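Peer 1: In the numbering used here, the protein residues as written are 11 to 213.
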Ligand code: ZN
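#1: Is any heavy atom of ligand 1 found at a distance shorter than 8 Å from the C-beta of residue 60?
#2: Give the secondary structure of residue 121 by DSSP, where H, G and I count as helix, E and B as strand, and everything else as coil.
#3: Does DSSP put residue 62 in a helix, in a strand, or in coil?
#4: Residue ranges of each beta strand (DSSP E) run of no fewer than 3 residues wholly in the stretch 121-181, ordered along the chain?
#5: Compare the beta carbon distance of residue 94 and residue 143 with 9 Å and say whether it is the shorter of the two.
#6: Can residue 41 and residue 117 be called in contact, C-beta distance under 9 Å?
#7: Please report the straight-line C-alpha distance between residue 36 and residue 202, rounded to a whole angstrom.
#8: Who does residue 183 pair with in a DSSP beta bridge?
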């Protein structure tokens with residue numbers, strides 16, 4: 011199982027990090043060891059002093075495919091979810107500055123929170139899903155999938171040009187504005203269209 015992540019897919023988040031607007035999706039991979047087991051606390055790694063949450067809508071791939079056209083992409087997933095792409099922002103900035111890959115800053119152990127899954131068919135329009143993240147019961151990130159630069163099916167088409175998708179792979183579709191730092195004892199929780207899909211304690 012692999013985790014395919016999209017960066018810079020929401021204009022407001024591109025602006026808050028003063029990044030360049032991409033001309034095609036920014037893609038990176040987290041290894042399967044990045045998944046934080048359910049019900050476990052998240053421990054801030056010792057190599058970061060600026061560990062950020064990024065709430066993201068997730069898609070679980072249900073069958074093998076490559077070179078998938080966007081119009082056929084819906085037949086490759088049934089489940090939609092919500093998670094966090096934890097990012098060591100200070101380390102990422104150092105790596106970006108040197109033109110090096112981001113994996114150490116984004117693919118470390120426990121860096122992927124994967125919440126409960128929902129049947130996509132309960133939603134009228136996957137391109138109009140509200141989601142949010144609370145930190146200590148206050149909303150810190152709010153988004154809607156209609157604000158994605160590339161929508162779910164376009165992302166599947168793009169990433170499957172480079173990576174064969176396999177059953178169980180998970181797509182992280184990018185984060186909206188509001189990313190920020192976590193501290194020990196913080197409590198994060200994520201909601202998608204009114205469904206609470208995960209919570210995690212920070213240590
Ligand atoms: Zn992200």
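Glycine is no exception: its CB is placed at the ideal position from the N, C-alpha and C atoms. Model, not experiment: these values are computed from the prediction.
Peer 2: Reading it off the structure:
#1: no
#2: coil
#3: strand
#4: 122-124, 140-145, 148-154
#5: yes
#6: yes
#7: 24 Å
#8: Residue 183 is not bridged to any residue.
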